[in-house]
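Reviewing the structure listed below.
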Amino acid sequence: MTARVVVLGGGPAGDVAALRAAQLGAEVTLVERAELGGTCLNWGCIPTKSLLAGADLLRKMRRAAEFGIDAGEPRVNFRRMMERKEEIVVKMRSGVEAACRRKKVQVIRGQGVVDGDAVVVGPKRHQFDRCIAAVGTEPAGLAALDMAHPAIITSNGVLRLGSVPKTLIVIGGGVIGCEFASLFAALGSEITIVEALPRILAPVDTRTVAYFQKLLEADGVKILTGRKLAKVADYGTDSVTVELDDGTPLRGEKLLVSIGRMPQTRDIGLEQAGVAINERGHVEVDSFLRTANPKIYAVGDCIGGLQLAHKGSAEGHRAAENALDHHPMPMDWTVVPSCIYTHPEIAMVGLNADSAKESGRNVKLGQARFVGDGKALAEGEPEGYAQIVSDARSDRILGATIIGVHAVEMIHEIGVAMSDALTMDDLGSIIHAHPTVSEMVMDAAQQGEGVAPYLS
Numbered sequence: 117m118t119a120r121v122v123v124l125g126g127g128p129a130g131d132v133a134a135l136r137a138a139q140l141g142a143e144v145t146l147v148e149r150a151e152l153g154g155t156c157l158n159w160g161c162i163p164t165k166s167l168l169a170g171a172d173l174l175r176k177m178r179r180a181a182e183f184g185i186d187a188g189e190p191r192v193n194f195r196r197m198m199e200r201k202e203e204i205v206v207k208m209r210s211g212v213e214a215a216c217r218r219k220k221v222q223v224i225r226g227q228g229v230v231d232g233d234a235v236v237v238g239p240k241r242h243q244f245d246r247c248i249a250a251v252g253t254e255p256a257g258l259a260a261l262d263m264a265h266p267a268i269i270t271s272n273g274v275l276r277l278g279s280v281p282k283t284l285i286v287i288g289g290g291v292i293g294c295e296f297a298s299l300f301a302a303l304g305s306e307i308t309i310v311e312a313l314p315r316i317l318a319p320v321d322t323r324t325v326a327y328f329q330k331l332l333e334a335d336g337v338k339i340l341t342g343r344k345l346a347k348v349a350d351y352g353t354d355s356v357t358v359e360l361d362d363g364t365p366l367r368g369e370k371l372l373v374s375i376g377r378m379p380q381t382r383d384i385g386l387e388q389a390g391v392a393i394n395e396r397g398h399v400e401v402d403s404f405l406r407t408a409n410p411k412i413y414a415v416g417d418c419i420g421g422l423q424l425a426h427k428g429s430a431e432g433h434r435a436a437e438n439a440l441d442h443h444p445m446p447m448d449w450t451v452v453p454s455c456i457y458t459h460p461e462i463a464m465v466g467l468n469a470d471s472a473k474e475s476g477r478n479v480k481l482g483q484a485r486f487v488g489d490g491k492a493l494a495e496g497e498p499e500g501y502a503q504i505v506s507d508a509r510s511d512r513i514l515g516a517t518i519i520g521v522h523a524v525e526m527i528h529e530i531g532v533a534m535s536d537a538l539t540m541d542d543l544g545s546i547i548h549a550h551p552t553v554s555e556m557v558m559d560a561a562q563q564g565e566g567v568a569p570y571l572s
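So this is what it looks like as structure tokens:
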């Protein structure tokens, strides 16, 4: 008998779960209330990277004379940037839709609600043997703000802007806030980041945050840490004026609320179906991605942890296999890279210098700086470094942090090394092509072993 699988949510976790279940021979129904691709494709990863690519090109063009190119002063056509962003989103989304057609995944548009052994969409019930919830998250708002006011925007609202704001207040100095600050600083906005914690980018080690903050401030971004929004002093027709808890007034053409995201797990029948949801709204799962209801699995941002598309996709793949009893295995979340698409980029996997110390481990650090890398210098990008963490006794690699050009492309080598239990010596012994920025990984490993020919 063919298994019936209903997937709730068509983001990167749900899409992959549906497609993998179809590959395994299941009859699959994918329920999505908006557009396939979820937050990542429509409101996150893809559209923001399109805009950030434009900002990076703008930065490079402004420095063209350094490379011997007389290009004049570039002008920003923000409308065209937004059009290009949308063209890329549509192209990627059509690819997901085509994959669903090829795999014979039935896509149902509408809000799905779990009811017994079925998901109800409108008047129709879709029976399941297994259900995979991938319902995602939405931007969190602030009770102190009128979130409907045109000057108050979330990360979704940023992607609907018709022009570059002259002044932008960013409430929240996490990944989303810093990425948009980096983007609009390049486009000419006057940016102020307000962060309640003592520092921005809380998951990143203190040294890297301090290094990055100096670069961001050099781009003209003002950063206020340890401050909170106290009240709105005035809602203007084309701006908003707020007051911080220390009395500091701030006025911005736009105010971006980037304080995190909330899971969309309420009022869709999960709790009534026996699925446990914690106080933060996340679905509770075991390492096999099973909920308290043995017929229902959950994946992606709605289960908490790192809110990353690639983590969700890996969970979707595993949940489909586990739900259909195809070589069931637990998830391993120890090797999940995190990437921050600022200027410069920051990428991390595993432990960093701070978290290794907090864990009580005796570790060894290896480091190389971009200023010593020929390819980075040729590209005019000397800022940054790569730092690798290994266990001092076994030499096994425990993680790395890279800040600099192409950091998000370089981090995966560390992930492979961790997955294969490689040592610092192993990594330093692998021949890397020259000149490349990837040599930084080899150089850092060799420096950690004390054998780097050019590094002390």
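In our numbering, the protein residues as written are 117 to 572. Note that the Cβ used here is the ideal one computed from N, Cα and C, for glycine as well.
Beta-carbon spacing of residue i, residue j below 8 Å
| i | j | result |
| --- | --- | --- |
| Val286 | Leu303 | no |
| Thr407 | Ala392 | yes |
| Met526 | Val557 | yes |
| Gly290 | Ser374 | yes |
| Pro356 | Gly368 | For the record, residue 356 in the displayed sequence is Val; it is not Pro. Yes, these two residues count as a Cβ contact at 8 Å. |
| Val122 | Val147 | yes |
| Ala267 | Leu371 | yes |
| Lys207 | Pro163 | no |
| Ala215 | Ser429 | no |
| Ala318 | Ile309 | no |
| Arg235 | Ile462 | Checking the displayed sequence, the identity of residue 235 turns out to be Val instead of Arg. Their beta carbons are not under 8 Å apart, which means Val235 does not touch Ile462 by this criterion. |
| Gly153 | Ala250 | no |
| Thr145 | Gln222 | yes |
For residue i, the residue or residues it bridges with in DSSP
| i | result |
| --- | --- |
| Pro255 | Arg377 |
| Leu440 | For Leu440, which the question treats as bridged, DSSP gives no partner whatsoever. |
| Val123 | Leu146 and Ile248 |
| Glu359 | Lys347 and Pro365 |
| His242 | Val235 |
| Glu306 | Thr283 |
| Val577 | Since the first residue of the chain shown is 117 and the last is 572, residue 577 is not available in this structure. |
| Cys455 | Ala463 |
| Ala502 | Ala484 and Ile518 |
| Lys370 | Leu284 |
| Arg225 | Glu148 |
| Val399 | Ile393 |
| Tyr413 | Ile248 and Arg406 |
Residue i versus residue j - alpha carbon distance
| i | j | result |
| --- | --- | --- |
| Gly80 | Val452 | Residue coverage of the chain in this structure runs from 117 to 572, which leaves residue 80 outside it and unanswerable. |
| Ala260 | Ala533 | 46 Å |
| Arg323 | Lys330 | 11 Å |
| Val524 | Gly238 | 42 Å |
| Gly226 | Ala150 | 7 Å |
| Ala264 | Arg178 | 37 Å |
| Asp489 | Gly211 | 38 Å |
| Leu366 | Ala133 | 45 Å |
| Asp186 | Ala180 | 7 Å |
| Gly293 | Leu284 | 11 Å |
| Phe300 | Ala549 | 35 Å |
| Ala171 | Thr458 | 10 Å |
| Ile547 | Gln562 | 11 Å |
| Val274 | Asp335 | 20 Å |
| Met198 | Asp441 | 44 Å |
| Ala256 | Gly376 | 6 Å |
| Ala502 | Leu424 | 22 Å |
| Pro569 | Val205 | 46 Å |
| Leu313 | Thr270 | 20 Å |
Contacts around residue i, its chain only, beta-carbon distance under 6 Å, and the 5 residues preceding and following it disregarded
| i | result |
| --- | --- |
| Lys347 | Glu359 |
| Pro379 | Thr253, Gly397, His398 and Cys418 |
| Gly385 | Val229, Val230 and Asp231 |
| Glu565 | Met540, Asp541 and Gly544 |
| Glu311 | Gly289 and Thr341 |
| Lys491 | Pro551, Thr552 and Val553 |
| Arg136 | His433 and Ala436 |
| Ile530 | Val465 and Ala516 |
8 Å CB neighbourhood of residue i in its chain, flanking five on each side removed
| i | result |
| --- | --- |
| Asn394 | Glu400 and Gly420 |
| Leu174 | Pro190, Val192, Ala302 and Leu303 |
| Ser535 | Val451 |
| Gly184 | none |
| Gly438 | At residue 438 the sequence reads Asn, which differs from the Gly that was named. Once the five neighbours on either side are set aside, the close Cβ partners of Asn438 are Phe404, Leu405, Arg406, Tyr413, Pro444 and Met445. |
| Asp262 | Ile268, Val348 and Tyr351 |
| Glu333 | Ile339 |
Cutoff 7 Å; reference residue i; Cβ partners in own chain excluding five residues on either side
| i | result |
| --- | --- |
| Arg512 | Ser506, Ala537 and Thr539 |
| Ala389 | Val230, Asn409 and Ile412 |
| Arg509 | Asn478 |
| Glu499 | Leu331, Pro460, Phe486 and Gly520 |
| Val337 | Ala297, Ala301, Ile307 and Ile309 |
| Leu345 | Leu258, Ala260, Ile287, Val310, Val358 and Leu360 |
**Asked** Is it true that the region 507-518 meets the region 453-469, where meeting means three or more beta-carbon pairs spaced less than 8 Å apart?
**Response** Yes, the region 507-518 touches the region 453-469.
**Prompt:** Is the region 188-197 touching the region 225-245 in the sense that three or more CB pairs, one from each, lie closer than 8 Å?
**Reply:** Under the three-pair Cβ rule at 8 Å, the region 225-245 does not count as touching the region 188-197.
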